[in-house]
Amino acid sequence: MADFQGYLILFLIWLVSVIFVRTIISKTRSKSCLPPSPMALPIIGHLHLLAPIPHQSLHKLSTKYGPLMHILLGSVPCVVASSPEMAKEFLKTYESSFSNRPKTAAVDYLTYGSADFSFAPYGPYWKFMKKICMSELLSGRMLDQFLPVRREEIRQFLQFMMRKVNASEKVDVGGELVRLTNNVVSRMIMNQICSNDDDEAEEVRKLVQAIAELTGKFNLSDYIWFCKNLDLQGMKKKLKQVRDKFDTMMDRIIKEHEEARKRKEDGGDTVKDLLDILLDISADENSEMKLTRENIKAFILLDVRGQHFHLLPFGSGRRSCPGTTLALQVVQTSLAAMIQCFDWKVDGANGTVDMKEGPGLTLPRAHPLICTPVPRLNPFPSF
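Read in our numbering, the sequence shown has 440 at position 354, and its numbers run on one by one without any break.
Structure (structure tokens):
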């Protein structure tokens, strides 16, 4: 027992000494080149100033410290731009210096070591994957070829709403729009629907939700330097469970595609989905960049979430959202159909829409938007 107490005292002395030395060193550095900053606390920096919805806290800080400020997220230095003018400096004027994305433990693990497109380091691999995305999935030619997919999914979306009308049932509008966009994206990528009403589709939706939550969850090891190799929140176990489920699903889908490719005769005019194109590139020995099975699964991972089709700003510069054109086509058509065919009665005592924001990467609502659709025009007279 005495030995344990001695080791504990030595560890605490070492920890306090290291923190003290790091604090002195950081204070002795010249701060003339850094933007204004609030007073930071040891170890946690400015984390105590951030609420569950960080951008609201950052906005309040910017009213006091200006449109450009310096903060410490634990031991990670950050510069916050809070005005259009400052954002332009980062995203356009000095774009090449800020083209990389921050690396977190969750994203790195789920994407097989940042082997995806969205979070891959800026460089030859990212440029190659963006070229594939823009030419083989989101080009004008491919969007025209996938028009029947979008038309069919919007038709099924409206039919679902009519069934709710006939049953006098309420609708989670946000949830159904996510299902619509997920169906469109998953059919374009894998030629499969991931959001039907069966049990397997429900498992896929839960998997997608778990990925979104884990990639947006605060992880101590990303920000506190001496927690880097510690798993105090049990994140590694959760990440492994999610990636194992994703691996099982993707291995099955890839195997189905490979078997279908063997059966298909050469010269067929079937429209290829993105997974077919990625498998073609993987099998091509002369390809500009060799793709592994992990590259393919990582690329599919963040796209199957449908994250590019939430109504958010599309960014700017080299790392801006490549799905802007597709997103606008889906949003405009589905929104027009919803307005043309239905009136929407908001559920609740006062009948107003609650616009409170919830935490997450894609800024979800704090509470679901529940409405009762009231038919104005039946697009399916025989329905």
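Think of the CB as a built atom: it goes at the ideal place given N, C-alpha and C, for glycine as much as any other residue.
Considering only their Cβ atoms, is the gap separating residue 360 from residue 274 smaller than 8 angstroms?
Result yes, Cβ atoms of residue 274 and residue 360 sit closer than 8 angstroms.
Contacting residues, own chain, Cβ-Cβ under 6 angstroms from residue 440 (five flanking each side not counted)
Excluding sequence neighbours, residue 440 sits near 453.
Grab me the residues of residue 194's own chain with a C-beta within less than 7 angstroms of its C-beta, minus the 5 sequence neighbours each way, in chain order.
200, listed in sequence order.
Give me the Cα-Cα distance between residue 415 and residue 235, rounded to the nearest whole angstrom.
Distance between the alpha carbons of residue 415 and residue 235: 12 angstroms.
Which one of 378, 451 and 321 has the shortest CA to CA distance from residue 215?
Nearest Cα to residue 215 within the set 378, 451 and 321: 378.
Buried versus exposed call for residue 336 [16 or more other C-beta atoms within 10 Å across all chains shown]
So residue 336 counts as buried.
Is it buried or exposed for residue 132, if we count other Cβ within 10 angstroms and need 16 for buried?
Buried, since its Cβ has 16 or more Cβ neighbours within 10 Å.
Exposed or buried, which one is residue 119 when buried takes at least 16 other CB atoms within 10 Å?
Looking at its Cβ environment, which holds fewer than 16 other Cβ atoms inside 10 Å, residue 119 is exposed.
Within 8 angstroms, do at least three Cβ pairs link the stretch 234-253 to the stretch 306-315?
Three or more Cβ pairs closer than 8 angstroms define a contact, and the stretch 306-315 falls short of that threshold against the stretch 234-253.
Helix, strand or coil: how does DSSP classify residue 460 here?
Secondary structure at residue 460: strand, using DSSP grouped into helix, strand and coil.
Can you check DSSP and say which residues form a bridge with residue 451?
Residue 451 is bridged to 443.
Give me the DSSP bridge partner(s) of residue 167.
Note: residue 167 is bridge-paired with 154 in the DSSP secondary-structure output.
According to DSSP, is residue 326 helix, strand or coil?
Looking at residue 326 - three-state DSSP - the assignment turns out to be helix.
What do you reckon, are the CB atoms on residue 211 and residue 185 nearer than 8 angstroms?
No, the pair does not count as a contact, with Cβ atoms beyond the cut-off.
When you compare each of 263, 296 and 465 to residue 413 by their alpha carbons, which one comes out closest?
Nearest to residue 413 by C-alpha distance, out of 263, 296 and 465, is 263.
Using the rule of at least 16 other Cβ atoms within 10 Å of the residue's Cβ for burial, across every protein chain shown, is residue 343 buried or exposed?
Buried, because 16 or more other Cβ atoms sit within 10 Å of the Cβ of residue 343.
Can you look up residue 232 in the DSSP assignment and give me helix, strand or coil?
Correct three-state label for residue 232: coil.
Around the C-beta of residue 223, are 16 or more other C-beta atoms found within 10 angstroms, so that it is buried, or is it exposed?
Under this definition residue 223 is a buried residue.
Residue 243 (DSSP reduced to helix, strand or coil):
Residue 243: helix per DSSP, three-state reduction.
Take residue 327 as the anchor and find which of 296, 422 and 315 has the nearest alpha-carbon.
Of the listed residues, the one whose Cα sits closest to residue 327 is 296.
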